[in-house]
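In the working numbering, the protein residues as written are 684 to 814. All C-beta atoms in this analysis are idealised placements derived from N, C-alpha and C, irrespective of residue type, glycine included. Heads up, the thing below is written out as structure tokens.
Rendered as structure tokens:
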């Protein structure tokens, strides 16, 4: 396998492009009126319009991406939080410290994806899995 990336069905391609370029310095790898493919620090995500030329049936009924959540781990969550506020991004809740030692906050992208922005330090995390 060479790559694994999500493709989200949404009619909000322009809004997604603006959101990810503005907030995460995303690079546009490919764009047509029906598809947008972005790279964010080596990670990739695609956005597909529900009425794309092939009209694949599984994408025809695009709704807000309820249930889809992407975690973005950053080095300094406080500065990311401050930067997002300065850029006028609506934060869901507030910056929090969780029982696991992680610090984070969430935002909603134009396609309805919840982005959990987190900072964690491996030495501070409790063992989350017992093998």
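Extent of the continuous beta strand (DSSP E) to which residue i belongs
{"i": "residue 783", "result": "Neither: residue 783 is in no beta strand (DSSP E) and is coded neither H nor E."}
Cβ pair residue i, residue j closer than 8 Å
{"i": "residue 692", "j": "residue 731", "result": "yes"}
{"i": "residue 629", "j": "residue 787", "result": "One cannot answer for residue 629 here, as it falls past the ends of the chain, which runs 684 to 814."}
{"i": "residue 775", "j": "residue 789", "result": "yes"}
{"i": "residue 760", "j": "residue 802", "result": "yes"}
Opening and closing residue of the alpha helix (DSSP H) in which residue i lies
{"i": "residue 710", "result": "Here residue 710 belongs to no alpha helix (DSSP H); instead the beta strand (DSSP E) covers 710-715."}
Rounded separation between residue i and residue j - CA only
{"i": "residue 733", "j": "residue 694", "result": "6 Å"}
{"i": "residue 702", "j": "residue 768", "result": "13 Å"}
{"i": "residue 689", "j": "residue 752", "result": "11 Å"}
{"i": "residue 792", "j": "residue 754", "result": "13 Å"}
{"i": "residue 685", "j": "residue 722", "result": "15 Å"}
{"i": "residue 715", "j": "residue 757", "result": "30 Å"}
{"i": "residue 708", "j": "residue 779", "result": "24 Å"}
{"i": "residue 727", "j": "residue 796", "result": "15 Å"}
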